[in-house]
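Residues 0 to 103 (numbering that gives the first Met the number 0) are what the sequence shown spells out, left to right. All C-beta atoms in this analysis are idealised placements derived from N, C-alpha and C, irrespective of residue type, glycine included. Model, not experiment: these values are computed from the prediction.
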Amino acid sequence: MRIYVRAALVFREKESVDIERFSDSLKLKKSGSFYDYLVLRPDNFPKELLGDTRREQHVKRAISNQEADLQKLDDFEKLEAKSTKIMNEDFNDDYNLADDGMIP
Numbered sequence: 000m001r002i003y004v005r006a007a008l009v010f011r012e013k014e015s016v017d018i019e020r021f022s023d024s025l026k027l028k029k030s031g032s033f034y035d036y037l038v039l040r041p042d043n044f045p046k047e048l049l050g051d052t053r054r055e056q057h058v059k060r061a062i063s064n065q066e067a068d069l070q071k072l073d074d075f076e077k078l079e080a081k082s083t084k085i086m087n088e089d090f091n092d093d094y095n096l097a098d099d100g101m102i103p
């Protein structure tokens, strides 16, 4: 009987160590991310998979158009003005309820 109890206590102690508590979620994790260890470069792959030619990855660049950017900015300003107008109308309606006799 004592062996069973001791084994159960040992098992419970090991189990309690592995439980993640809410306060532990805010702490930094000891082990790094998988992507910290994974490095994808041509020298990390077998030559049979890559072949004889060395390939370079091309950097994708965003094409900027000033007219399109200004149009997006104008649209954003219109939406912002519209939402400000709606918010002001809602505020004024709530503020003027006492004048209409709706609120005693």
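Can you name, in chain order, every residue of its own chain whose Cβ lies under 8 Å from the Cβ of residue i, other than the five neighbours on each side?
i	result
residue 89	none
Just verifying my parser: in three-state terms, what is the DSSP assignment at residue i?
i	result
residue 45	coil
residue 64	coil
residue 59	coil
residue 51	coil
residue 26	coil
Measuring only the C-alpha atoms, how far is residue i from residue j?
i	j	result
residue 62	residue 76	23 Å
residue 79	residue 60	30 Å
residue 41	residue 49	7 Å
residue 66	residue 46	47 Å
residue 81	residue 58	39 Å
Residues in the same chain with beta-carbon distance under 6 Å from residue i, minus the five sequence neighbours each way, listed in chain order, please.
i	result
residue 8	With a pLDDT of 49 at residue 8, under the threshold of 50, the predicted position of this residue should be treated as unreliable, though the coordinate-derived value follows. Result list for residue 8: empty, nothing under 6 Å.
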